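Asks: The sequence shown runs 154 to 448 under my numbering. For each residue, glycine too, the CB sits at the ideal point set by N, CA and C. What you are looking at is a predicted structure, and each value in this text was computed from that prediction instead of being measured.
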Amino acid sequence: MSKLDPCNHRQGWEAALILVTALWGWSFVAIHDALRYLSDSAFNAYRFLIAALVMLMVVLLKGGRFSRQDVVGGVAAGLALYLAFFFQTKGLAYTTASNASFITGLAVVFTPLFAYWLLKTRPEKRQLLGAATATIGLALLTLKNLAMHWGDVLVVLCAASFALHIVILSKASKTARVLNITFVQVAVVGGLSLLQSLALNEFALPSRSETINAILIIALLGTAIGFYVQTQAQVASSPNRIALIIVLEPLFGGVFAYFLAGDRLSPLNLLGAGLIVLGMLITEFNFKASRAETG
């Protein structure tokens, strides 16, 4: 088995990714709470620099050699990922954890559009139908008095940035070492977030133990391990199966927001959230391919 072909462990990586999506769902609530006491740029700097430091130690233990593909692909993916978390944490300060989790899931719908733009992969009819369904759901979830809240707009931009990251990573990871390219992109996000926080005079030390705990858990489990697991799972399994697993993230986010943050969605909001998930399923689920895989 080559270093880029962990297909013999597909089920294990898929199960690990399900656990990661649950952690990502919880992180919406934890970040939303932490941003009341720490700036978004400082939070992202701590999160990604701690994760990068841990990953660097592992990279050095494995030899520490980086190819051009590792660096170029990691920097490109890191820039897109920085934008995603920039918009997500900015948006979380102005919207609910529930809205943010469901809207971020729209990345699965945006991905085929970016794939068509960058990779010249024409979207299928089901992908267009899924995008339309999710757009209607987005309107029902977020529109109040015919106006979308500023925080929701920022999280939509976050979803688009995540989609761009997926497309860039899907191409770059084919010729790069998984651990190395994951480290580079995480380090890029951490470095840019630190520069942002210093330039805007937003950098500060976390003062609450709850904030410190959230940073450490999200940095180590949700970032260092989480992005490594996602990259390995994308290599090991089909994009269709991975997309269906990632759809669980907004569901986990909605559940955690309900029980931990007290978020309550109206019946119309719930319908909108359901349509977003349905749109993601329509976009990514290939019924013929699924029958072939299970048959």
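Using 9 Å as the threshold, is the C-beta distance between V331 and T264 below it?
Replies: It is not a contact, given that the beta carbons lie outside the stated cut-off.
Asks: With a threshold of 6 Å on Cβ separation, who are the neighbours of A410 within its own chain once the five nearest residues in sequence on each side are excluded?
Replies: Once the five neighbours on either side are set aside, the close Cβ partners of A410 are V182, A250, S251, D416.
Asks: Using 8 Å for Cβ pairs, my map puts S346 next to I334. What's the rounded Cβ distance?
Replies: Not a contact, Cβ separation roughly 19 Å.
Asks: Taking the alpha carbon of F239 as the point to measure from, which residue in F336, V261, V309 has its own alpha carbon closest?
Replies: Out of F336, V261, V309, V309 has the C-alpha closest to the C-alpha of F239.
Asks: G178: which of D305, G379, S360 sits nearest, CA to CA?
Replies: Answer by Cα proximity: G379.
Asks: Look up T249 in the DSSP assignment and say whether it is helix, strand or coil.
Replies: Coil at T249, not helix or strand.
Asks: Tell me which residues share the same chain as G227 and place their Cβ nearer than 6 Å to its Cβ, disregarding the 5 neighbours each side in the sequence.
Replies: Excluding positions up to five away in sequence, the list reads I334, V337, Q338.
Asks: How long is the line joining the alpha carbons of V382 and A253, rounded to whole angstroms?
Replies: Rounded to whole angstroms, V382 to A253 spans 23 Å at the Cα level.
Asks: Which residue from F412, L421, A414, E402 puts its Cα closest to that of I171?
Replies: Taking only the C-alpha atoms, the option nearest I171 is E402.
Asks: Can you give me the Cβ contacts of A367 inside the same chain, cut-off strictly under 6 Å, excluding the 5 residues immediately before and after it?
Replies: So the qualifying residues of the chain are A183, A187.
Asks: May I ask you to verify whether the segment 203 to 214 touches the segment 302 to 321, counting CB pairs closer than 8 Å and requiring at least 3?
Replies: Because the criterion of three Cβ pairs below 8 Å is not met, the segment 203 to 214 and the segment 302 to 321 do not touch.
Asks: Assign L401 to one of three DSSP states: helix, strand, or coil.
Replies: L401 falls in the helix class under three-state DSSP.
Asks: Excluding the five sequence neighbours on either side, which residues of its own chain have a C-beta within less than 6 Å of the C-beta of A169, listed in chain order?
Replies: Result list for A169: V382, in chain order.
Asks: What's the C-alpha gap between L428 and I256?
Replies: The alpha-carbon atoms of L428 and I256 are separated by roughly 11 Å.
Asks: Is DSSP giving D186 helix, strand or coil here?
Replies: In the structure shown, D186 sits in a helix (DSSP, three-state: H, G or I).
Asks: Taking the alpha-carbon positions, what's the G425 to A284 distance?
Replies: Near 13 Å, if we compare the C-alpha coordinates of A284 and G425.
Asks: Determine the direct distance from the alpha carbon of L245 to that of L423, and round the result to whole angstroms.
Replies: Their Cα atoms are separated by approximately 19 Å.
Asks: Taking just the CA atoms, how far does I203 sit from A237?
Replies: Their backbone Cα atoms lie some 18 Å apart in a straight line.
Asks: In terms of residues, what are the limits of the alpha helix (DSSP H) holding I321?
Replies: It spans 303 to 325 - the alpha helix (DSSP H) in which I321 sits, taken as one unbroken run.
Asks: So I399 packs on T174, CB below 8 Å; how close in whole Å?
Replies: About 6 Å; that satisfies the 8 Å criterion.
Asks: In terms of residues, what are the limits of the alpha helix (DSSP H) holding F196?
Replies: Note, F196: alpha helix (DSSP H), 193 to 214.
Asks: From Q280 to V262, what distance separates their C-alpha atoms?
Replies: The straight-line gap from Cα to Cα measures roughly 7 Å.
Asks: State the Cα-Cα distance for the pair N197 and G343, rounded to the nearest angstrom.
Replies: Roughly 7 Å separates the two Cα atoms.
Asks: Comparing alpha-carbon positions, which option in R163, S180, L404, S192 lies nearest L353?
Replies: Answer by Cα proximity: S192.
Asks: Within 10 Å of its beta-carbon, does Y190 have 16 or more other beta-carbons around it, so buried, or fewer, so exposed?
Replies: Exposed.
Asks: In three-state DSSP terms, what is K273?
Replies: Coil, per DSSP.
Asks: Considering only residues of the same chain and omitting the five flanking positions on each side of F219, which have a CB-CB separation below 7 Å?
Replies: Result list for F219: N333, in chain order.
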